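A.B. asks: Counted from 1, the sequence shown has number 87 at position 87 by the UniProt record's numbering; the numbering is strictly sequential.
We treat Cβ as the ideally placed atom computed from N, Cα and C, and that holds for glycine.
Keep in mind it's a predicted model, so treat the numbers as computed, not measured.
Here it is, the structure in full.
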Amino acid sequence: MAIDLPTYDAVTALKTILSSEESLQSIDDLILATRAAKLQIEDEITVGSTTSQPELEDPKERESFGSLFEEISEVAVLSKGTERTISQLTKDISYLDNAKRNLTQSTNLFQNLKLLSDSYFQCQHFLSLRDFKAMRAPFAVMSGLVSSFHQYKSVDEIGKLVARISRLQAETHAQIKKAFEGLLDQKSSQGDISDETVLREGACELLESSPGAKSELIDWCVRKMLYDIREIFQLDDEAGSLENLPRRYAYFKKVLNNFNAEFSRFFPKSWNLSLELTKGFYDTTASDLKVLLERELRDHPSIDLFMSSLQTTLEFEKYIDVKFSNRLHNEKGTEKISRCFEPYLTLWISHQEALMNSKILGYMAEDKLSQSSESLVLPSSADLFRTYRFLLTQTLELVDSGSGRDTILFELAKFFNTWLKTYYGKVLQPLLLPPGSKIENKEEATIYTLLVLNTADYCSTTTRQLVEKLSEYLTVENDISQLFDKVLSHYGALISSGMEIILNSIVAPDLNFIWREFDNTDWKSVEVEDYSRYMVTMKDILRDDQSTIRKIVGRFNREVYSWNFMDKLIELLFSGFLNCILRLLEPIPPFATLNKPRKLQLAQVINVGEQLQLDAEHMRQTLNFWTDDMASLINGSNASYKRLKKHIDQKCENLVKFLKLLVVPIDPPETYQENYAAITGNNKNILSWCYILTLKGFPWDLAEWKKLFAAFQNASGDFNASPLPVFEGCQRALLQFEQNMSSATDPTWRRFIHQELGMDTPNSVQSSSASSASPSSPTQRLNAGKFNGNIKNLMSNTGFFGRGN
1 MAIDLPTYDA VTALKTILSS EESLQSIDDL ILATRAAKLQ IEDEITVGST
51 TSQPELEDPK ERESFGSLFE EISEVAVLSK GTERTISQLT KDISYLDNAK
101 RNLTQSTNLF QNLKLLSDSY FQCQHFLSLR DFKAMRAPFA VMSGLVSSFH
151 QYKSVDEIGK LVARISRLQA ETHAQIKKAF EGLLDQKSSQ GDISDETVLR
201 EGACELLESS PGAKSELIDW CVRKMLYDIR EIFQLDDEAG SLENLPRRYA
251 YFKKVLNNFN AEFSRFFPKS WNLSLELTKG FYDTTASDLK VLLERELRDH
301 PSIDLFMSSL QTTLEFEKYI DVKFSNRLHN EKGTEKISRC FEPYLTLWIS
351 HQEALMNSKI LGYMAEDKLS QSSESLVLPS SADLFRTYRF LLTQTLELVD
401 SGSGRDTILF ELAKFFNTWL KTYYGKVLQP LLLPPGSKIE NKEEATIYTL
451 LVLNTADYCS TTTRQLVEKL SEYLTVENDI SQLFDKVLSH YGALISSGME
501 IILNSIVAPD LNFIWREFDN TDWKSVEVED YSRYMVTMKD ILRDDQSTIR
551 KIVGRFNREV YSWNFMDKLI ELLFSGFLNC ILRLLEPIPP FATLNKPRKL
601 QLAQVINVGE QLQLDAEHMR QTLNFWTDDM ASLINGSNAS YKRLKKHIDQ
651 KCENLVKFLK LLVVPIDPPE TYQENYAAIT GNNKNILSWC YILTLKGFPW
701 DLAEWKKLFA AFQNASGDFN ASPLPVFEGC QRALLQFEQN MSSATDPTWR
751 RFIHQELGMD TPNSVQSSSA SSASPSSPTQ RLNAGKFNGN IKNLMSNTGF
801 FGRGN
């Protein structure tokens with residue numbers, strides 16, 4: 001590619017030149033050749049530029065350009081001359097314009113001066129006649145024009161006129177003040193002033209042109225009308241004491257009403273003089289109250305005096321708010337008189353002790369059941385929180401936000417907490433059945449227990465809403481809920497105790513008839529044909545429309561407790577059923593001796609197990625039907641319904657697996673172990689394994705036990721596994737069995753039990769009313785603690801303190 005072509009590409013050329021490694025050896029020659037070519041091109045450019053000089057111009061063209069420049073110079077000289085001529089012509093015109101402008105200003109000035117002087121003389125004339133209405137127009141003109149003449153005060157005549165006008169304005173304001181002074185000095189407005197419009201539409205309108213004079217007159221009128229109050233109720237006089245605060249308010253009402261009746265028509269409505277009068281009284285009274293409260297309450301506080309003063313002040317402020325439609329709240333710089341009581345509001349809170357004490361006494365004496373509502377909640381609990389809401393509202397009205405409000409709210413929170421404890425201890429707790437008490441009237445016991453439970457739940461829920469409301473008004477981040485943690489735990493425990501009484505003292509005795517029928521069944525000769533009689537009884541109890549269980553389910557205030565009760569009832573039924581089975585099949589101590597006959601033999605236990613499986617299936621059907629029936633009664637959530645169904649299925653599944661173990665043949669040991677592992681999910685808990693063998697009626701033949709244990713040992717699995725799920729609710733029975741096994745007297749058996757089975761002698765089994773059943777009742781008592789832990793998560797979101805008063 002030629003270097004002189006426009007499309008020459010240096011990169012392509014370099015690639016061609018340096019296409020191989022050998023080309024790098026001649027790089028120096030290449031550079032020299034490039035430089036030579038560059039010099040040659042530069043020489044060619046120089047020669048070309050020299051030979052391309054333009055030819056000399058034509059002389060005619062040069063002459064034409066010269067004449068053109070001469071003409072341009074002549075035109076420039078001519079334009080400057082023309083400009084000078086025009087300036088000479090317009091000079092006189094500018095002088096005339098300035099003269100005309102000055103003449104116009106002078107004319108306007110003299111016209112305004114004439115208007116000013118005329119209006120001045122008119123105002124002077126009308127003022128001498130005290131005709132303020134006629135004076136309005138000239139006074140407005142005079143006041144409007146005089147400011148424009150201040151710059152000409154150096155002119156003697158104008159300066160004198162401005163000074164006279166200033167004196168006239170001052171005299172006018174003085175005359176107006178004198179007129180109002182004469183008006184206000186009269187006991188009645190039916191005096192010299194015959195036309196109220198002279199003052200309202202005349203004098204007051206004259207002051208509109210002077211905001212300072214208007215404000216001064218208003219302040220003077222307020223001071224004038226409040227003069228008697230300030231003189232009578234002086235701080236150092238008895239009349240000015242806190243005891244006479246009601247008289248001060250009453251006197252002001254009289255002054256205000258007298259002003260509205262006699263004098264308000266002499267002032268424009270836009271002046272709001274009644275409101276200004278009230279603001280003046282507020283300021284004066286607040287100033288006096290701060291001194292009085294400091295003096296009379298700081299060292300020897302009198303709660304009665306404080307409360308009477310505060311109550312009187314609140315009533316007076318309410319009267320003023322109604323009279324002025326709360327307009328005083330929007331006035332800047334005006335605070336409520338009751339703000340003076342803010343530093344002493346702890347006395348106000350202390351005074352409420354008497355109120356709450358009387359209410360608690362009333363709550364204790366009143367009928368505990370509401371006659372107008374089917375809701376089993378004490379009416380007194382709603383009244384308690386209505387009182388709390390009223391006190392909180394009053395407190396918020398009395399104190400502004402800030403550290404002062406925070407202090408008062410903390411004191412109020414402590415007050416609320418104290419009386420919640422009192423309500424718990426004196427009203428609710430005494431209604432609950434004492435532990436171990438005999439129930440004479442089951443219907444009454446049920447109603448009162450539900451009443452306590454529902455009321456405790458209502459109090460817990462509303463207390464949490466109260467805490468949230470208090471926290472909203474705090475300006476500092478502080479967890480005020482800690483104050484209420486203990487009292488909330490008391491109410492939570494009350495809910496748990498109520499649920500425990502319902503289950504263990506009211507419902508469980510009804511179920512005992514089922515278990516008595518179970519015990520009365522002739523299990524030695526039972527034939528597997530149909531459901532057992534005790535299962536029919538269970539079905540009848542659950543389906544009875546008038547049963548205690550059905551009444552209880554529908555009388556909880558919130559469905560969460562209905563579902564919880566049903567869940568606990570299912571636990572009661574299954575634990576009662578299992579306890580009956582264990583009591584039937586458990587061997588009688590001492591263990592590990594052939595001299596002690598078994599209650600049922602292996603074959604009989606298999607027959608019993610088959611019958612119990614049939615009964616367990618019937619129990620599942622009965623409970624599922626009962627759950628459907630109860631769900632329609634309480635209109636519960638679908639999730640709770642499914643959870644309860646799942647609970648029934650799980651309990652039945654565990655029970656059926658246990659019953660299957662009772663009917664599995666013992667021989668041969670390997671087959672038994674395979675069946676045991678398949679049913680239990682390969683559970684290797686040794687205690688459960690031994691317990692099942694004894695329940696099956698397996699004889700105390702050590703050789704046979706060792707064969708079975710060898711097969712059990714050879715099977716894979718974790719020997720530290722937990723007991724079978726079916727025994728979760730009867731840990732005491734397992735511990736008792738382990739103790740009985742460990743107490744075997746035969747040395748050979750003892751070695752087998754302790755060394756091969758690895759059983760240790762457990763601690764003595766303590767009977768507990770909370771975790772075991774009495775000998776006469778197989779129904780296991782439910783622990784209140786199981787329910788108490790979930791109380792906080794069951795609270796309602798309904799906002800009591802979000803309502804109106």
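With DSSP collapsed to three states, give me the class of Gly191.
C.D. replies: The pLDDT assigned to Gly191 is 47, lower than 50, so where the model puts this residue is not dependable; a value taken from the coordinates is nonetheless given after this. The answer is coil: DSSP assigns Gly191 none of H, G, I, E or B.
A.B. asks: Are Thr694 and Leu585 closer than 9 angstroms when you measure CB to CB?
C.D. replies: Cβ distance < 9 angstroms, so Thr694 and Leu585 count as in contact.
A.B. asks: Residue range of the alpha helix (DSSP H) that Thr285 falls in?
C.D. replies: Counting along the chain, the alpha helix (DSSP H) containing Thr285 begins and ends at 273 to 297.
A.B. asks: Return helix, strand or coil for Asp400, following the three-state DSSP convention.
C.D. replies: Asp400: coil per DSSP, three-state reduction.
A.B. asks: Measure from the alpha carbon of Leu396 to the alpha carbon of each residue in Ile27, Leu432, Lys336, Lys442, then state which is nearest.
C.D. replies: Selected option, being the one with the closest Cα: Lys336.
A.B. asks: Using CA atoms only, rank isn't needed, just tell me which of Gly717, Asp718, Trp689 is closest to Phe709.
C.D. replies: Nearest C-alpha to Phe709: Trp689.
A.B. asks: What do you get for Asn441, buried or exposed, if any count of 16 or more other CB atoms within 10 angstroms of its CB means buried?
C.D. replies: Per the 10 Å Cβ criterion, exposed.
A.B. asks: For Leu439, tell me which candidate among Ser505, Cys221, Ala678 has the shortest Cα-Cα distance.
C.D. replies: Note on residue identity: the sequence assigns Ile, not Leu, to residue 439. Ranking Ser505, Cys221, Ala678 by Cα distance to Ile439 puts Ser505 first.
A.B. asks: So, at 6 angstroms on beta carbons, what are the nonlocal neighbours of Glu411 in its own chain, with the 5 sequence-adjacent residues on each side left out?
C.D. replies: Within the same chain, Glu411 has close Cβ partners Thr346, Ile349.
A.B. asks: Taking the alpha carbon of Ile447 as the point to measure from, which residue in Leu511, Val553, Asn417 has its own alpha carbon closest?
C.D. replies: For Ile447, the nearest C-alpha among the options comes from Val553.
A.B. asks: Between His618 and Ile606, what straight-line distance do the alpha-carbon atoms span, to the nearest angstrom?
C.D. replies: His618 and Ile606: Cα-Cα distance of roughly 19 angstroms.
A.B. asks: Please identify the residue among Glu243, Arg298, Gln650 whose C-alpha is closest to the C-alpha of Glu728.
C.D. replies: Per the Cα distances, Gln650.
A.B. asks: Roughly how many angstroms lie between the CA atoms of Leu127 and Leu206, to the nearest whole one?
C.D. replies: The alpha-carbon atoms of Leu127 and Leu206 are separated by roughly 12 angstroms.
A.B. asks: Helix, strand or coil, according to DSSP, for Cys730 in the structure here?
C.D. replies: Cys730 falls in the coil class under three-state DSSP.
A.B. asks: Can you give me the Cβ contacts of Arg342 inside the same chain, cut-off strictly under 7 angstroms, excluding the 5 residues immediately before and after it?
C.D. replies: Note on residue identity: the sequence assigns Glu, not Arg, to residue 342. For Glu342, where only same-chain residues beyond five positions count, the Cβ hits under 7 angstroms are Leu398, Val399, Gly404.
A.B. asks: Is the separation between the beta-carbon of Ile501 and that of Leu433 shorter than 9 angstroms?
C.D. replies: Contact: yes.
A.B. asks: Could you pull out every residue in the same chain whose Cβ sits closer than 8 angstroms to the Cβ of Gln234, ignoring the five residues on either side in sequence?
C.D. replies: Result list for Gln234: Gly240, in chain order.
A.B. asks: Can you tell me where the alpha helix (DSSP H) with residue 871 in it begins and where it stops?
C.D. replies: Nothing can be reported for residue 871, as the shown portion of the chain is limited to 1 through 805.
A.B. asks: Round the Cβ separation of Ile679 and Lys696 to the nearest angstrom and send it over; I've been treating them as touching at under 8 angstroms.
C.D. replies: Contact flag wrong, Cβ pair sits at about 13 angstroms.
A.B. asks: Confirm, please, whether the CB-CB distance from Asn454 to Gly557 is below 9 angstroms.
C.D. replies: It is worth fixing the name first, because residue 557 is Asn in this sequence and not Gly. Yes.
A.B. asks: Determine the closest residue to Phe577 out of Ala603, Phe752, Asp615, with distance taken between C-alpha atoms.
C.D. replies: That would be Asp615, whose Cα lies nearest to the Cα of Phe577.
A.B. asks: State the Cα-Cα distance for the pair Leu56 and Glu63, rounded to the nearest angstrom.
C.D. replies: Any reading at Leu56 must be qualified, since the residue scores a pLDDT of 47, below 50, and its modelled position is unreliable; the value itself is stated next. Looking at the two C-alpha atoms, the distance is approximately 14 angstroms.
A.B. asks: What is the C-beta distance between Leu289 and Cys340, in whole angstroms, given that I count them as a contact (C-beta under 8 angstroms)?
C.D. replies: Going by Cβ atoms, the distance from Leu289 to Cys340 rounds to 4 angstroms, so yes, they are a contact pair.
A.B. asks: Under the three-state reduction of DSSP, which class applies to Leu78: helix, strand or coil?
C.D. replies: Of the three classes helix, strand and coil, the one that applies to Leu78 here is helix, per DSSP.
A.B. asks: Roughly how many whole angstroms lie between the Cα atoms of His300 and Ala261?
C.D. replies: Cα to Cα, His300 sits roughly 43 angstroms from Ala261.
A.B. asks: For residue 813, which residues in the same chain have their Cβ closer than 6 angstroms to its Cβ, ignoring the five residues on either side in sequence?
C.D. replies: Within the shown structure, residues of the chain are numbered from 1 to 805, placing residue 813 beyond reach of any answer.
A.B. asks: Is it the case that the Cβ atoms of Leu451 and Leu511 are separated by a distance below 9 angstroms?
C.D. replies: It is not a contact, given that the beta carbons lie outside the stated cut-off.
A.B. asks: Within the same chain, show all residues whose beta-carbon is closer than 6 angstroms to that of Leu431, passing over the 5 residues directly before and after it, in chain order.
C.D. replies: The residues are Tyr448, Val452.
A.B. asks: Between Pro301 and chain C, is any beta-carbon pair separated by less than 9 angstroms?
C.D. replies: Judged by its chain identifiers, the structure shown contains no chain C, having just a single protein chain.
A.B. asks: Which of the three DSSP states is assigned to Gln186 in this structure?
C.D. replies: If DSSP states are grouped into helix, strand and coil, Gln186 belongs with coil.
A.B. asks: What residue from Leu293, Thr407, Thr537, Ile320 has the CA that sits closest to Met307's CA?
C.D. replies: Nearest C-alpha to Met307: Leu293.
A.B. asks: Quick check on this structure: which residue in Gln546, Lys524, Glu517 has the alpha carbon closest to the alpha carbon of Asn537?
C.D. replies: Checking the sequence shown, residue 537 turns out to be Thr, not Asn. Per the Cα distances, Glu517.
A.B. asks: Counting pairs of Cβ atoms below 8 angstroms between the segment 535 to 549 and the segment 588 to 601, do you hit three or more?
C.D. replies: In short, these stretches do not touch, since the Cβ pair count stays below three.
A.B. asks: Is there contact here, the segment 108 to 126 with the segment 136 to 152, by at least three beta-carbon pairs under 8 angstroms?
C.D. replies: Result yes; three or more Cβ-Cβ pairs closer than 8 angstroms.
A.B. asks: Check whether the segment 160 to 171 touches the segment 89 to 99, counting contact only when three or more Cβ pairs, one atom from each stretch, lie closer than 8 angstroms.
C.D. replies: Contact fails: fewer than three Cβ-Cβ distances are below 8 angstroms.
A.B. asks: Considering only residues of the same chain and omitting the five flanking positions on each side of Val726, which have a CB-CB separation below 8 angstroms?
C.D. replies: Counting only Cβ-Cβ distances below 8 angstroms, and skipping sequence neighbours, we find Leu578, Asn654, Leu655, Lys657, Phe658.
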